[in-house]
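Taking it in order: structure first as C-alpha cells, then the write-up.
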Amino acid sequence: MAHYASACPETITSAVEYACAAPSVHNVQPWSWRLQRGQLSLYVDRRRSIPVEDPDGRQLIISCGGALHHLRIALEHNLLEPIVTILPDRSEPDLLASITFRGRAHPEGSSAALFSSLERRRTDRRPFDAPPVGSMGVLSHGANEFGTSMTILARQYGSMLEHASAIATQEHRNDPDYWNELEEWIRSAGSDEGIPRDALPDALSSHESASARAFPSGHLKIERDARDHAALVLLSTPSDAPIDWLNAGQALSSVLLHATASHLASCPLTHLTEVEASREIVRDVASRSGETFQNPQVMIRIGLLESDTEDADSGYNEPVASGRRAIEDVLTIVH
Ligand SMILES: Cc1cc2nc3c(=O)[nH]c(=O)nc-3n(C[C@H](O)[C@H](O)[C@H](O)COP(=O)(O)O)c2cc1C
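Mapping of the sequence shown onto my numbering: residues 7 to 341, in sequence order.
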C-alpha cells in the first residue's frame with residue numbers, strides 16, 4: 007500500500023548523502039540535487055568537468071548514474087520506492103533524472119547487503135587474486151537491469167588489453183594538459199574531493215595490473231612484483247548517448263555494490279575507453295568474448311585481496327577512503 011509520510015526531507019537528505027558515496031571519475035562528484043515539493047532532481051554539475059580527459063562529459067554522466075543507483079538502494083532500505091524519470095526535459099539536458107517516492111511494504115531480498123556496501127565499497131588499486139569461480143554471475147544481473155551488458159573479458163586476450171592500455175597511457179603521457187588536469191584532482195588525505203595520494207600506489211609499486219591507469223605516484227605501498235590476477239569485466243551499451251551513459255553508471259554501481267557484498271575488491275578503469283584507438287581494441291576483445299553491444303563504457307578489475315597485503319605487520323598498507331563534499335554543497339532544499 008502506498009504511503010508518503012516517510013518521504014520527509016530528512017529521509018531524502020539521508021538518502022542523498024548515501025548517494026554521494028558513489029564512485030566518480032577522479033572523485034570530482036559532479037552531481038547537484040534539488041528537493042522541491044516532494045520531487046528530487048538530479049543534475050550534472052558541469053563546473054566540475056575534466057574537459058581534457060572527458061570532453062563529451064560521458065564520465066561525468068556515468069558518475070551521476072552511479073549516484074542515482076546508490077540513491078535507489080538507500081531509499082529502498084528506508085522502504086521508499088523511487089519513481090525515476092530519466093532525462094525528463096529535452097530543453098534541460100543537464101537535468102538527468104527526477105524522482106518521486108512511493109512507500110513499499112517490504113525491502114527487496116538483497117537490499118540489506120547492498121545497503122551496507124554503500125559505505126564499505128571503495129576503489130582499490132592493489133593487485134587482486136582471481137575471484138572465485140561462479141562469483142561473477144550475480145554481478146551481471148544487476149548490469150542487465152539497466153540496459154547495459156557486462157562481459158567477462160576472456161583471459162586469452164589479456165595481451166591485447168595490455169596493448170590497448172599502453173596506447174592510452176602513451177597518448178595521455180604525450181599530453182601535458184591531461185597530466186595537469188589529473189594532478190589537479192590528486193589531493194592529500196582529508197580533502198573532501200579528488201583522489202587521496204594514500205589511495206594511489208607509490209612509485210616503487212609498479213606491479214599494477216598492466217591494464218590500470220597510470221597515476222602520479224602516491225603513498226600506497228604494495229609488495230613489489232605482486233601479480234594481479236583480477237578478472238576484467240566490461241560494461242557496454244547499445245548506443246553512445248547520455249541515456250546510455252546514465253544507464254552504464256547505474257550498472258557500474260550495481261556491479262560494484264554486489265561485488266562488495268560478495269567480499270570482492272574492485273577498481274573501475276576508463277583510460278582504455280577514453281582514447282579512440284584503445285577503445286577500438288576493447289570493442290574487438292569484447293566481441294571476441296561474446297559481447298554484442300558495440301559501445302564499451304567502463305572496465306572493472308574485480309578480485310580477491312591477497313591476504314598478505316592485509317597483514318598490518320607486512321609494511322604494506324590499505325587505501326584510505328576518499329572524501330566527499332558536504333551535503334549542503336550538493337543538495338538544495340526549496341521550501
Ligand atoms: C566513471 C568513472 C571512471 C573511473 N576511472 C578510473 C580509472 O580509470 N582508474 C582508477 O583507478 N579509478 C577510476 N575510477 C574510480 C575513482 O577514481 C573513484 O571512484 C574515486 O576516486 C572515489 O573513490 P572511491 O571509489 O574509493 O569512493 C573511476 C570511477 C568512475 C565512476
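Ideal Cβ positions, reconstructed from N, Cα and C, are used throughout, including at glycine. Quantities reported herein were computed from a predicted structural model and do not represent experimental measurements.
* Outcome for Q35 when other beta-carbon atoms lying within 10 angstroms are tallied against a minimum of 16 -> buried
* **Nearest residue (CA-CA) to L85, options G72, A247, F134 and C14** => C14
* Determine the closest residue to G63 out of W251, V261 and V326, with distance taken between C-alpha atoms. => W251
* Which ranges does the beta strand (DSSP E) cover as unbroken runs of at least 3 residues, wholly within the segment 231-314, from first to last along the chain? -> 237-243, 271-275 and 301-311
* Asked: Cβ-heavy atom distance between H32 and ligand 1 below 8 angstroms?
  -> yes
* Asked: What's the gap between the Cα of F107 and the Cα of R43?
  -> 11 angstroms
* Asked: Does the segment 40-58 come close enough to the segment 149-161 that 3 or more CB-CB pairs lie under 8 angstroms?
  -> no
* So, helix, strand or coil for V336, using DSSP? -> helix
* Could you give the distance in angstroms between the alpha-carbon of E187 and the alpha-carbon of M156? -> 30 angstroms
* Asked: Would you say P133 reaches chain D, if we count a Cβ-Cβ gap shorter than 9 angstroms as a contact?
  -> Protein chains in the displayed structure number just one, and chain D is not present.
* Asked: Does the Cβ of T266 lie closer than 8 angstroms to at least one heavy atom of ligand 1?
  -> no
* Asked: Which residue's Cα is closest to the Cα of V336: H32, C70, I56 and V31?
  -> C70
* Alpha carbon to alpha carbon, what distance is there between R161 and D135? -> 14 angstroms
* **Closer than 8 angstroms: Q176 CB and nearest ligand 1 heavy atom** => no
* To do: Mind checking which residues open and close the beta strand (DSSP E) that includes A102?
  => First, the residue type needs correcting, since residue 102 is Leu and not Ala in the sequence shown. From DSSP, the beta strand (DSSP E) with L102 extends over L101 to G109.
* So S171 is in the alpha helix (DSSP H); what residue range does that whole segment cover? -> G164 to R179
* Relative to ligand 1, is the shortest distance from any of its heavy atoms to the C-beta of T298 smaller than 8 angstroms? -> no
* My guess is that R127 and P325 are in contact by the Cβ rule of under 8 angstroms, so how many angstroms apart are they, rounded? -> About 12 angstroms; that fails the 8 angstroms criterion.
* To do: Excluding the 5 residues preceding and the 5 following A237 in the sequence, name in chain order all residues of the same chain whose CB lies nearer than 7 angstroms to its CB.
  => A136, P137, M142, I158, I308 and G309
* Asked: Do the CB positions of Q300 and T276 come within less than 9 angstroms of each other?
  -> no
* To do: Give the range of the beta strand (DSSP E) segment to which P182 is assigned.
  => It is not in any beta strand (DSSP E) - P182 instead sits in the alpha helix (DSSP H) that spans P182 to E190.
* Would you kindly work out how many angstroms separate the C-alpha atoms of E16 and I339, rounded to a whole number? => 11 angstroms
* Is it true that the segment 283-302 meets the segment 230-247, where meeting means three or more beta-carbon pairs spaced less than 8 angstroms apart? -> yes
* What is the DSSP secondary structure of T129, counted as helix, strand or coil? -> strand
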